[in-house]
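What follows is a short report on a single structure.
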Amino acid sequence: MSFGSLGDPNGDDPGDNGSAADARAVNQAAEAGIVPVAAIGNDGRRRVTSVGAADQAITVGSIDDKDTIDRGDDSIASYSNSGPREDDGDDDREEELKPDVVAPGSDMNSAAHAASSSQLPGTPKPLAEDSYTEMSGTSMACPAVAGLVAVILQISEEEGLDLNPAEVKELLRENSEPKGEASEPDISDTWNEKYGFGIIDGNLILSALLGDGGGNNGGGNTTEPPPPGEGDWLVYERPIEDSWLVEGETYSVRGHIDEDAETNGTIEEVQVKITYTHKPEGSPTQEEILVDWHTAQGTVNWTTEFSIPDFEEDEINALEIKISVQARNEWDQWSNKQRQNHDIGRVSLTLDSPSGQNSVEGNVQFEGEYETVNGGTLQWRIGKEDWVDERTYTGSGGTTDMFNFIWDSTEHPDGSHRISLRFVSGTSVRSEEVRVTLDIDNQPPAPDLMFRSGITVSEWGIPLSETYVNSFVDVSAEIRNDGDESATNVVVYLLEEGTRKYELTIPTIDSGDIVDVTLYWNPLSVGQRELSIALDPGDAILEIDETNNDQNIEFDVIDRPEGVDLAFSNGAFTTTPTIPRPGEQFKINARVDNLGSSAAEQIEAQLHLYTERGWELTSSTTIPRIEGGYAETISFAQTNEESGAFKFRISLSGPVLSDIDWSNNQAEWSILIEKSTVSGGRGLNFQTGETPVEVIDLDGEGIVVTSKDGGLALYRLNSNKGMTACSNMLEEKWSGDFVAAPTSDGIAHIVWTRRFLDTRGLSEADGFILHNRLCL
């Protein structure tokens, strides 16, 4: 994620402490199982911005890799923000250690988007461009970490680790390459204010997830077989003799030197070879090398590892694994070649029913097939809950059989549930999970109101982490009807410390609909206040689940300072229109807040424009009075003949003004003046049964041709894509064919067919030159 950040004209804002609304939303996403990865920002100083300040976010800084693969010359990018994060006041100081990790983010090759365009029916579809561009920023480093997180989650799922977001974050912190000196040694001996816990390292991550083993050639492949020898000097420990092995698993071949054989001298090396046999269709059994002769690790106690492929994916009918071992002593004498054979099995599960295509109720029959070694246990679970042992099967060797069991859906609430099944063999090998999503529908149709988002407190559309007493703020949330019936006359309460402060009624929320609700709050008490939103507090609606109808947060209300404190809050500046045009008058609107408790009088507001000569006064106005805790909006009329970005400044002063804090009485921002006009999409409304046939562009304007009542109707299309119906018909008896070819002269050549038979019994085709004057 990279949401950017609000302006910081004074350059002294250290960012958020993780308590803002967007940071709380990130933490809620992490608690729901999503791993949030966020950019730290590009101010080049200590500042933790936007969602990166959330406790549970993996916050990413950027390094410059100098366009080399040498990690030793990597250094922090000049624009990359540093930490630590502002203290949120709790006892967990490790949460303030931001950034978490860094990754390459300078001069990254990125796809360049094409310019957007509107499309009307009948016009060619716009094509994307294939160009690329180089970009730098922590937002370019963030995807590298997000991609690594995706790999971690994939391996976690395949290995049955089921890592949660906090464990993924800890894995990254503990397995990155440290850089720089420890900035907070009393908290962490590796964290650095610029590099975090270090540069991401995929090799370290893989080693942590999978272990350091897995090498197929032990101490080095020789491919030269040892010569024939004499004497049985070796003892196998693993795999156990006659035990079955499983496709797709990794095994250790382990053993020791027979005590009686030590009289033959010191053992210098142990050689191991592993092969498998298979029987192609219509051919005799064949033997193939899996791992050729190589030196095992150790001598008196020796070991090596090998992995068995998933033969079924390659359509190989594998039968046995054959292990051969020989030892050489200090006199270059070799032992006998000692062999051990193991049958090969599979551990897998397939599900035949239920399919998940239809809703289920009551007892649900699960049926499918399993393949295992030495029996095992069939397990299931809902979502990420604990696994439940459904049935245990006994047996030895490889087994393939059908399974079935009854699953009682009434023990679970109505709604959509993901059911996972797996088989754990008698050798503790787990099959891949098989998942099916079931829509349980045991209860009669009913609504189910729930919160789709957390509670957000905002003012003028800007989320707040605290507010002043006796202010007026919005409290909003998203509500979803997750049931299978509409909810009508939904009453919503806003409660402060359990007391109702606001109430509204939503006429209808249809099944599956999401509704944004905004309630209004005027806090009158100072301190931490519990805010709650209650859905259907009177239980007038019979719901599937009544337990998810309430949500609450703790929110700070602070006292207003004594006196006058004029300020420009976030979002205080707007223009009318939003993007002014050159040579046309526009208005600059500014909201002036009095954060103090006393009234301010005779306030002079001055508007300055930054030019090559410096700041120049362009306009001023006087505000007679702003009461304590209230705001006034002032406007300045401006005209500029040129396009581009222009920097403005507003300052507040006054002959009798005594302000507590003069630092927030002045603000600077930029306005874009652009000759282009941005317009939204326009709906083209046709009569019932009328369909568009062609949209013809005529030098910026155009004609829309439609099929109407068996003929061809015309509509005029103006330069703003507004459509006006023409009073005349182009054709009364159209037979279905129409072709248009517009030219650069603002006209179009058109040809169509009409339902008319000439003396030879043929349909007639008419041709015409079309221009706007044909629309009457």
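According to this note's numbering, the sequence shown holds residues 56 to 831 in order. In this text, a Cβ means the ideal position worked out from N, Cα and C, and glycines have one as well.
- Per DSSP, threonine 447 is one residue of the beta strand (DSSP E) stretching across 443-448.
- By the beta-carbon neighbour count (other beta carbons within 10 angstroms, threshold 16), serine 580 is exposed.
- Of the residues assessed, asparagine 429 falls on the buried side of the cut-off, its CB having 16 or more other CB atoms within 10 angstroms.
- The closest CA to that of alanine 768, considering only Glu292, Met784, Asp129, Ser165, is found on Met784.
- In the DSSP assignment, asparagine 356 falls within the beta strand (DSSP E) that extends over 356-362.
- Listed as beta-bridge partners of serine 471 by DSSP are Asp494.
- For threonine 193, the three-state secondary structure derived from DSSP is helix.
- Glycine 755 has its alpha-carbon roughly 25 Å from the corresponding atom of glutamate 786.
- Annotated as distal: isoleucine 588 and isoleucine 517, with beta-carbon spacing of 8 Å or more.
- Rounded to whole angstroms, the gap between the alpha carbons of leucine 374 and phenylalanine 458 is 25 Å.
- Residue state for aspartate 347 is assigned as strand, using DSSP reduced to three classes.
- One alpha carbon belongs to glutamate 601, the other to isoleucine 210, and they sit about 38 Å apart.
- Per DSSP, the continuous alpha helix (DSSP H) segment holding valine 223 begins and ends at 220-229.
- Sequence-distant partners of glutamate 540 (beyond 5 residues in either direction) whose C-beta falls short of 8 Å from its own C-beta, in its chain, are Pro500, Ala501, Pro502, Ser566.
- It is roughly 5 Å from the alpha-carbon of leucine 433 to the alpha-carbon of phenylalanine 478.
- Boundaries of the beta strand (DSSP E) harbouring asparagine 607: 605-613, taken from the DSSP string.
- In this chain, the beta strand (DSSP E) harbouring arginine 555 covers 554-564.
- For alanine 589, there is no enclosing alpha helix (DSSP H); the enclosing beta strand (DSSP E) covers residues 582-590.
- Shown here for leucine 662: same chain residues with a beta carbon closer than 6 Å to its own, the five before and five after excluded, namely Thr673, Ser674, Phe691, Ile705 in chain order.
- DSSP, read as helix, strand or coil, puts glutamate 367 in helix.
- Contact annotation: phenylalanine 361 and valine 346 have beta-carbon atoms nearer than 8 Å.
- If one requires a minimum length of 3 residues, the beta strand (DSSP E) runs lying completely within the segment 686-762 are 686-693, 699-708, 721-728, 746-753, in chain order.
- DSSP links valine 415 through a beta bridge to Ile495.
- For threonine 359, the closest of Arg615, Tyr306, Ala796 by C-alpha to C-alpha distance is Tyr306.
- In the three-state scheme derived from DSSP, where H, G and I count as helix and E and B as strand, threonine 522 is classed as strand.
- Remark: C-beta atoms of threonine 560 and serine 531 do not approach each other more closely than 8 Å.
- For isoleucine 596, the three-state secondary structure derived from DSSP is coil.
- When DSSP states are grouped into helix, strand and coil, glutamine 352 belongs to the strand group.
- Taking the Cα positions, lysine 224 is about 29 Å away from valine 512.
- Taking a 10 Å sphere around the C-beta of glycine 744, we find fewer than 16 other C-beta atoms and assign the residue as exposed.
- For the pair leucine 590 and arginine 507, the Cα-to-Cα distance works out to about 13 Å.
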